[in-house]
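S.K.: Residue numbers (my numbering), protein chains in the order written: chain A, 2 to 279; chain B, 2 to 279; chain C, 2 to 279; chain D, 2 to 279.
Number of protein chains: 4
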Amino acid sequence: MSSLLYEWGANILHADQHQDHELGLFFMRVEWALDGPAEAPLGSASSVSEPSQSFDFAGFTSRFTPLAAELGMRWKLWGKAHRPRVALFCSQYLHCMADLLHRWRAGELRCEIPVIVSNHRDVEKLAEFYGVPFEFVASGRREEAEARQLELLESKGIELVVLARYMQILSPKFVSRYPESIINVHHSFLPAFTGAKPYHAAHTRGVKLIGATSHYVTDLLDDGPIIEQDVARISHRDQVEDLVARGRDLERIVLARAVRWHLDRRILCYGNKTVVFD
Amino acid sequence: MSSLLYEWGANILHADQHQDHELGLFFMRVEWALDGPAEAPLGSASSVSEPSQSFDFAGFTSRFTPLAAELGMRWKLWGKAHRPRVALFCSQYLHCMADLLHRWRAGELRCEIPVIVSNHRDVEKLAEFYGVPFEFVASGRREEAEARQLELLESKGIELVVLARYMQILSPKFVSRYPESIINVHHSFLPAFTGAKPYHAAHTRGVKLIGATSHYVTDLLDDGPIIEQDVARISHRDQVEDLVARGRDLERIVLARAVRWHLDRRILCYGNKTVVFD
Amino acid sequence: MSSLLYEWGANILHADQHQDHELGLFFMRVEWALDGPAEAPLGSASSVSEPSQSFDFAGFTSRFTPLAAELGMRWKLWGKAHRPRVALFCSQYLHCMADLLHRWRAGELRCEIPVIVSNHRDVEKLAEFYGVPFEFVASGRREEAEARQLELLESKGIELVVLARYMQILSPKFVSRYPESIINVHHSFLPAFTGAKPYHAAHTRGVKLIGATSHYVTDLLDDGPIIEQDVARISHRDQVEDLVARGRDLERIVLARAVRWHLDRRILCYGNKTVVFD
Amino acid sequence: MSSLLYEWGANILHADQHQDHELGLFFMRVEWALDGPAEAPLGSASSVSEPSQSFDFAGFTSRFTPLAAELGMRWKLWGKAHRPRVALFCSQYLHCMADLLHRWRAGELRCEIPVIVSNHRDVEKLAEFYGVPFEFVASGRREEAEARQLELLESKGIELVVLARYMQILSPKFVSRYPESIINVHHSFLPAFTGAKPYHAAHTRGVKLIGATSHYVTDLLDDGPIIEQDVARISHRDQVEDLVARGRDLERIVLARAVRWHLDRRILCYGNKTVVFD
Numbered sequence: 002m003s004s005l006l007y008e009w010g011a012n013i014l015h016a017d018q019h020q021d022h023e024l025g026l027f028f029m030r031v032e033w034a035l036d037g038p039a040e041a042p043l044g045s046a047s048s049v050s051e052p053s054q055s056f057d058f059a060g061f062t063s064r065f066t067p068l069a070a071e072l073g074m075r076w077k078l079w080g081k082a083h084r085p086r087v088a089l090f091c092s093q094y095l096h097c098m099a100d101l102l103h104r105w106r107a108g109e110l111r112c113e114i115p116v117i118v119s120n121h122r123d124v125e126k127l128a129e130f131y132g133v134p135f136e137f138v139a140s141g142r143r144e145e146a147e148a149r150q151l152e153l154l155e156s157k158g159i160e161l162v163v164l165a166r167y168m169q170i171l172s173p174k175f176v177s178r179y180p181e182s183i184i185n186v187h188h189s190f191l192p193a194f195t196g197a198k199p200y201h202a203a204h205t206r207g208v209k210l211i212g213a214t215s216h217y218v219t220d221l222l223d224d225g226p227i228i229e230q231d232v233a234r235i236s237h238r239d240q241v242e243d244l245v246a247r248g249r250d251l252e253r254i255v256l257a258r259a260v261r262w263h264l265d266r267r268i269l270c271y272g273n274k275t276v277v278f279d
Numbered sequence: 002m003s004s005l006l007y008e009w010g011a012n013i014l015h016a017d018q019h020q021d022h023e024l025g026l027f028f029m030r031v032e033w034a035l036d037g038p039a040e041a042p043l044g045s046a047s048s049v050s051e052p053s054q055s056f057d058f059a060g061f062t063s064r065f066t067p068l069a070a071e072l073g074m075r076w077k078l079w080g081k082a083h084r085p086r087v088a089l090f091c092s093q094y095l096h097c098m099a100d101l102l103h104r105w106r107a108g109e110l111r112c113e114i115p116v117i118v119s120n121h122r123d124v125e126k127l128a129e130f131y132g133v134p135f136e137f138v139a140s141g142r143r144e145e146a147e148a149r150q151l152e153l154l155e156s157k158g159i160e161l162v163v164l165a166r167y168m169q170i171l172s173p174k175f176v177s178r179y180p181e182s183i184i185n186v187h188h189s190f191l192p193a194f195t196g197a198k199p200y201h202a203a204h205t206r207g208v209k210l211i212g213a214t215s216h217y218v219t220d221l222l223d224d225g226p227i228i229e230q231d232v233a234r235i236s237h238r239d240q241v242e243d244l245v246a247r248g249r250d251l252e253r254i255v256l257a258r259a260v261r262w263h264l265d266r267r268i269l270c271y272g273n274k275t276v277v278f279d
Numbered sequence: 002m003s004s005l006l007y008e009w010g011a012n013i014l015h016a017d018q019h020q021d022h023e024l025g026l027f028f029m030r031v032e033w034a035l036d037g038p039a040e041a042p043l044g045s046a047s048s049v050s051e052p053s054q055s056f057d058f059a060g061f062t063s064r065f066t067p068l069a070a071e072l073g074m075r076w077k078l079w080g081k082a083h084r085p086r087v088a089l090f091c092s093q094y095l096h097c098m099a100d101l102l103h104r105w106r107a108g109e110l111r112c113e114i115p116v117i118v119s120n121h122r123d124v125e126k127l128a129e130f131y132g133v134p135f136e137f138v139a140s141g142r143r144e145e146a147e148a149r150q151l152e153l154l155e156s157k158g159i160e161l162v163v164l165a166r167y168m169q170i171l172s173p174k175f176v177s178r179y180p181e182s183i184i185n186v187h188h189s190f191l192p193a194f195t196g197a198k199p200y201h202a203a204h205t206r207g208v209k210l211i212g213a214t215s216h217y218v219t220d221l222l223d224d225g226p227i228i229e230q231d232v233a234r235i236s237h238r239d240q241v242e243d244l245v246a247r248g249r250d251l252e253r254i255v256l257a258r259a260v261r262w263h264l265d266r267r268i269l270c271y272g273n274k275t276v277v278f279d
Numbered sequence: 002m003s004s005l006l007y008e009w010g011a012n013i014l015h016a017d018q019h020q021d022h023e024l025g026l027f028f029m030r031v032e033w034a035l036d037g038p039a040e041a042p043l044g045s046a047s048s049v050s051e052p053s054q055s056f057d058f059a060g061f062t063s064r065f066t067p068l069a070a071e072l073g074m075r076w077k078l079w080g081k082a083h084r085p086r087v088a089l090f091c092s093q094y095l096h097c098m099a100d101l102l103h104r105w106r107a108g109e110l111r112c113e114i115p116v117i118v119s120n121h122r123d124v125e126k127l128a129e130f131y132g133v134p135f136e137f138v139a140s141g142r143r144e145e146a147e148a149r150q151l152e153l154l155e156s157k158g159i160e161l162v163v164l165a166r167y168m169q170i171l172s173p174k175f176v177s178r179y180p181e182s183i184i185n186v187h188h189s190f191l192p193a194f195t196g197a198k199p200y201h202a203a204h205t206r207g208v209k210l211i212g213a214t215s216h217y218v219t220d221l222l223d224d225g226p227i228i229e230q231d232v233a234r235i236s237h238r239d240q241v242e243d244l245v246a247r248g249r250d251l252e253r254i255v256l257a258r259a260v261r262w263h264l265d266r267r268i269l270c271y272g273n274k275t276v277v278f279d
């Protein structure tokens with residue numbers, strides 16, 4: 002690999018590996034710039050992305066494919082200039098949505114957001130403020146709603162769907178259209194408190210920490226590969242309302258991290274788990 | 002209450018209240034010194050406990066009982082001079098045991114430890130070093146083992162049983178003899194991963210944080226009132242062995258906190274939850 | 002106190018005490034509802050505030066003043082119906098501002114925000130979106146700028162000034178007009194890395210955690226009573242830009258908590274410290 | 002590198018890289034087993050170390066040296082079978098010492114501990130229990146004390162000195178004998194509260210989190226490269242004694258992590274910072 006990259010004039014910026022000895026799997030993430038602008042300061046995304054536009058993707062691919070096949074590798078190649086197209090879904094709670102939009106505007110999330118979809122109208126003004134087209138899709142019959150949603154996503158060329166506290170369960174059919182490309186935030190420390198009303202359940206159980214989890218969506222509810230989790234300390238003084246309020250901060254953060262890592266191609270899925278190269 | 006304490010010459014050091022509006026319950030913890038040594042520096046436990054020995058427990062009780070009855074109060078009164086008698090149970094893993102014994106020796110835990118009980122002999126030398134009598138009780142048939150254990154506990158006047166990674170499940174009969182007086186540490190963030198091998202389960206699920214929980218033991222396995230929980234961040238790089246190693250630090254800490262709080266009478270149980278006045 | 006409140010028909014919802022034995026000080030915070038609507042659900046702010054409007058503030062004050070004087074108490078009384086008037090200041094970084102405004106809109110912060118002040122124009126659209134009047138005050142000569150700012154604050158009846166990453170240092174004269182009523186967020190774990198460019202300093206020192214601190218502003222830079230702090234783990238992989246990005250989440254959270262606690266009258270200052278009754 | 006290792010029959014278990022683009026430095030840590038026992042389960046340290054004993058260190062070195070020189074590399078090579086010889090120093094507080102010794106006995110720390118040195122006698126029994134020779138060296142005149150200590154360390158072939166709450170300041174002369182090989186724990190979140198009595202200083206300043214820091218010792222007090230830090234939340238209720246008690250848990254953990262990472266050769270120093278490959 003290193004030799005090949007060297008040959009193609011790549012200046013490796015980051016290289017991460019991971020080996021799962023149990024399963025006999027090897028994972029690698031390599032980020033490189035082209036030789037010319039080796040003086041491009043790290044983190045200066047725009048200057049790094051410049052050369053990658055002139056990178057000969059097709060040539061590299063035809064050269065690398067047989068090598069990868071020989072090693073039994075599954076691989077993907079991205080140019081940093083490409084900004085993935087992301088759809089944001091939400092229901093009536095807007096804290097995650099407002100947070101993602103602000104981060105996007107501030108340049109923290111390298112993507113396009115061509116559409117916001119909701120079964121509520123609360124988000125409309127926020128969408129407008131950030132200049133993102135808003136599409137209302139009533140929840141009604143799921144089959145119809147999803148047909149409309151999928152049509153929208155397709156027409157907008159969406160590559161990643163982010164469920165920013167979207168309270169409808171997606172059908173297996175929908176999920177299968179975006180494998181490892183739908184990120185959800187669940188307001189508990191999974192696998193504790195799956196399903197509805199996790200803060201109520203946490204309060205009833207009397208836990209001393211509450212959590213939030215971002216994960217890829219699979220057919221099984223709240224069961225997909227976990228991307229990020231965080232917790233906050235609570236006490237007997239905290240009522241359900243307090244857990245909800247404390248939890249909002251956790252949800253915002255674990256969802257935003259998951260989206261950023263996904264966009265930066267830092268996440269590899271295998272089995273029902275993730276490798277996150279941070 | 003305040004007036005009564007005032008009348009008895011009590012100088013209130015700490016007073017904590019909590020109201021569960023949902024259940025209509027009110028909780029209170031009051032810690033006081035007698036008037037004389039009001040200059041006793043807070044935290045200087047010995048000087049505070051001195052006067053409480055001369056406190057007229059019987060007199061106060063007969064005066065307070067009708068008042069409490071009128072208000073529908075359940076109450077308890079302790080003198081700080083009394084050092085509860087604690088039995089420590091363990092199996093082959095000794096990290097929690099070594100930690101508790103060191104804290105005890107260092108004065109962090111205000112109690113007597115008249116006996117260490119184990120179904121393994123690994124702890125014997127440690128017990129000897131700290132000068133605590135060790136009793137080996139083979140796990141064998143649970144009924145017999147527990148009969149022997151209960152006999153021991155009774156003969157030693159034990160008030161609190163601490164399960165410091167004791168890997169046997171106690172019978173309802175045993176548990177009923179020490180209501181809200183058996184503290185266990187479970188090596189997961191309950192209610193996630195109850196039962197055996199929680200670190201394996203956590204690894205399989207691919208969580209990003211592992212946890213540990215200390216709780217009172219009830220008839221239902223890993224279901225009693227939670228006293229304390231803590232978590233540590235892990236990553237895809239961590240194998241089960243790493244989780245076990247990281248987890249040991251969590252277990253030590255959540256168990257030690259629970260024991261200290263219990264000894265300091267900071268924990269009130271209700272329903273299946275705890276109020277911890279820290 | 003309890004008797005007096007009882008007499009006035011108060012139904013105590015929360016009562017917190019703290020004693021500083023070293024300094025011989027006693028702190029108390031009591032939150033109550035009036036007897037009538039004792040059935041008002043806790044946390045339902047609007048219904049709780051209703052009765053307090055009819056509370057006889059003047060009568061209670063004249064009754065309580067001599068008692069307080071006798072006990073050497075400094076005290077304040079607020080009705081929950083009163084929503085404090087808050088001015089938000091910022092410079093070019095908008096993450097704290099966007100966060101506070103979203104929380105305000107979502108009902109997390111019980112206050113009015115009659116004005117946003119900045120020495121930059123970046124915040125203008127955001128202010129407009131949330132319907133808050135925006136005032137540009139060029140930094141230029143501090144004396145003039147502050148004169149204009151103070152005039153604004155006075156005309157708007159401002160009770161609390163929140164510096165949401167406002168990068169100008171306020172003069173002692175300004176500070177003296179709002180004692181314990183200016184909240185700042187500093188992007189380090191104070192007292193480490195006071196002054197300018199704390200993330201650069203943290204990177205140079207090679208710390209393994211970065212922090213953020215919210216505090217009341219006093220004459221000494223970054224030295225006022227600390228209200229809240231939080232930290233996040235970093236590693237050698239993180240460059241200054243990464244610290245800045247990670248830090249933004251900390252800043253948002255510690256500032257929002259400080260503002261909420263101040264508005265809920267949970268903070269008492271003494272010496273150069275705070276008591277926060279959460 | 003990879004090619005050379007491949008040629009020598011190395012089966013790479015872990016490989017970590019880090020690049021400091023600012024300073025133009027590149028860091029790498031590679032851990033490998035020999036081909037034969039490639040089936041050696043990861044984490045099973047003993048089986049991994051077996052083959053490394055038969056590794057041709059001299060041959061590899063003579064082959065690698067010119068390559069390294071060409072690339073301007075500073076490098077070191079260790080066999081896992083070698084257990085570094087560690088001296089533990091302490092004064093009267095024994096919590097870190099007891100913790101390290103327990104971890105060592107439990108197999109968490111891969112090293113020999115041929116000596117414990119103290120200017121107090123409190124640790125003597127603990128040393129005896131763990132079968133470690135104890136040497137009392139009175140603090141008295143530093144020059145004399147250090148001469149005696151250095152003599153001891155030399156005679157025991159010590160490679161790493163761990164200051165487990167050792168309250169004497171080492172001279173530059175002493176420090177220069179063990180460059181990047183003396184680990185200290187400081188009971189604050191450095192660089193805040195350097196020097197004596199950090200918990201008192203933290204209490205006076207009114208911080209909301211306390212911390213502990215493990216670091217390599219250099220000539221400047223509390224200024225060496227930071228290895229690990231952690232913090233715990235405190236409140237206005239906590240007096241200095243409480244900070245001390247809470248802090249003990251932090252100190253134990255950050256020191257133990259630093260020692261383990263050092264022994265596992267996970268730490269690289271540069272400038273005044275560390276790269277920790279975990």
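Here a beta-carbon is modelled for each residue, glycine too, at the ideal position from N, C-alpha and C.
1) Determine the direct distance from the alpha carbon of R104(D) to that of L78(A), and round the result to whole angstroms.
2) Quick one: measure Cβ to Cβ for H96(B) and R249(B), integer angstroms, because I've assumed they're closer than 8 Å.
3) Would you please verify whether the beta carbon of A193(A) is less than 8 Å from any beta carbon of chain B?
4) Whole-angstrom Cβ separation of P226(B) and K157(B), contact assumed at under 8 Å?
5) Under the rule that 16 or more other beta-carbon atoms within 10 Å means buried, what is V49(A), buried or exposed?
6) Using the rule of at least 16 other Cβ atoms within 10 Å of the residue's Cβ for burial, across every protein chain shown, is D100(C) buried or exposed?
7) Taking Cβ-Cβ distances shorter than 7 Å, what residues in chain C pair up with S3(B)?
8) So, under 8 Å CB-CB, S189(A) and P199(A) are touching, yes? Tell me the CB distance rounded to an integer number of Å.
9) Does the pairing of the segment 248-263 of chain A with the segment 202-222 of chain A give three or more beta-carbon distances under 8 Å?
10) Using 8 Å as the limit for Cβ to Cβ distance, is K157(A) near chain B?
11) For the alpha helix (DSSP H) containing E129(B), name the first residue and the last one.
12) Pull up the DSSP beta-bridge partners for Y271(B), would you.
13) Locate the alpha helix (DSSP H) running through A202(D), then write down its first and last residues.
14) Determine which residues share a DSSP beta bridge with I227(D) and list them.
15) For the segment 100-113 of chain C, list every residue whose C-beta sits within 7 Å of some C-beta in chain A, in sequence order.
16) State the start and end residues of the unbroken beta strand (DSSP E) segment that holds M1(C).
17) A34(B) touches chain C at which residues, Cβ-Cβ below 7 Å?
18) Taking only beta-carbon positions, decide if F190(C) is within less than 8 Å of chain A.
19) Leaving aside the five residues before and after R178(D) along the sequence, list all residues of the same chain whose C-beta is less than 7 Å from its C-beta, in chain order.
20) Three or more C-beta pairs under 8 Å: does that hold for the segment 138-147 of chain A against the segment 108-115 of chain A?
M.R.: Judging by the given coordinates:
1) When the Cα atoms are used, L78(A) and R104(D) turn out to be separated by approximately 45 Å.
2) Between H96(B) and R249(B) the beta-carbon gap is near 5 Å, inside 8 Å, which marks them as a contact.
3) Put simply, the CB of A193(A) is near chain B, with a gap under 8 Å to one of its CB atoms.
4) Cβ atoms of P226(B) and K157(B) stay farther apart than 8 Å, at about 25 Å.
5) The pLDDT assigned to V49(A) is 36, lower than 50, so where the model puts this residue is not dependable; a value taken from the coordinates is nonetheless given after this. Buried is the call here.
6) By the neighbour-count rule (16 or more Cβ atoms within 10 Å), D100(C) is buried.
7) Going along chain C in sequence order, the residues near S3(B) (Cβ under 7 Å) are S3.
8) Cβ atoms of S189(A) and P199(A) come within 8 Å of each other, at about 4 Å.
9) Yes, they touch.
10) Not one chain B Cβ lies under 8 Å of K157(A).
11) Here the alpha helix (DSSP H) through E129(B) covers 125-130.
12) In the DSSP assignment, Y271(B) forms a beta bridge with K274(B).
13) Going by DSSP, A202(D) is part of the alpha helix (DSSP H) stretching over 199-206.
14) DSSP output for I227(D) lists H216(D) as bridge partner(s).
15) Listed by position along the chain: H103, A107, E109.
16) The question about residue 1(C) has no answer here: the residues shown for chain C are numbered 2 through 279.
17) Neighbours of A34(B) across chain C, judged by C-beta separation under 7 Å, do not exist; the nearest C-beta is about 11 Å away.
18) At a cut-off of 8 Å between C-beta atoms, F190(C) does not count as an interface residue with respect to chain A.
19) The residues L151, in chain order, have a CB closer than 7 Å to that of R178(D) in the same chain once the five nearest residues on each side in sequence are set aside.
20) Fewer than three pairs of CB atoms, one per stretch, sit closer than 8 Å, so the segment 138-147 of chain A makes no contact with the segment 108-115 of chain A.
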